[in-house]
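Visitor:
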């Protein structure tokens, strides 16, 4: 409801929402959002993503580390971890 109100520029002051200055926010978790691509719904689409391809949704997950949160986000989008013995995931340090 708060997001809908914000999008239509309605007042949310009556909703008792936390602010960025809220001191009792959980600090022992990291949040990650990942795009979700529904290729099964897009029959005939090219599975190679280009700059014009938009996601059809997204998921948000929490973990004790950014790696754990990222893995949870990938798995929740339906990503299957390859069964080969070598798998690599890379993230820029500046992307924090």
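Residue numbers (the working numbering): 4 to 99. We put the beta carbon where it would ideally sit given N, CA and C, even for glycine.
1. How far does the alpha helix (DSSP H) with residue 75 in it extend, from its first residue to its last?
2. What does DSSP give as the partner residues of residue 37 in its beta bridges?
3. In terms of alpha-carbon separation, which member of 14, 17, 32, 38 lies closest to residue 68?
4. For residue 8, which residues of its own chain have a beta-carbon under 7 Å away from its beta-carbon, when the five flanking residues on both sides are left out?
5. Might you give, ordered along the chain, the residues of its own chain that have their beta carbon closer than 7 Å to the beta carbon of residue 34, omitting 5 neighbours on each side?
6. For residue 76, which residues in the same chain have their Cβ closer than 8 Å to its Cβ, ignoring the five residues on either side in sequence?
Guide: Here's the rundown:
1. As a position in the chain shown, residue 75 is number 72, starting the count at 1. Counting along the chain, the alpha helix (DSSP H) containing residue 75 begins and ends at 69 to 79.
2. In the chain shown, residue 37 corresponds to position 34, counting from 1. Looking at the DSSP assignment, residue 37 forms a beta bridge with 62.
3. As a first step, residue 68 must be located in the chain shown, where it is residue number 65. Ranked by Cα distance from residue 68, the first of 14, 17, 32, 38 is 32.
4. As a first step, residue 8 must be located in the chain shown, where it is residue number 5. Closer than 7 Å at the Cβ level, and outside the excluded window around residue 8, lie 15.
5. The residue given as residue 34 occupies position 31 in the chain shown. Excluding positions up to five away in sequence, the list reads 63, 65, 72.
6. One-based indexing of the chain shown puts residue 76 at position 73. Non-local C-beta neighbours of residue 76 in its own chain, meaning closer than 8 Å and more than five positions away in sequence, comprise 35, 36, 37, 62, 63, 64, ordered along the chain.
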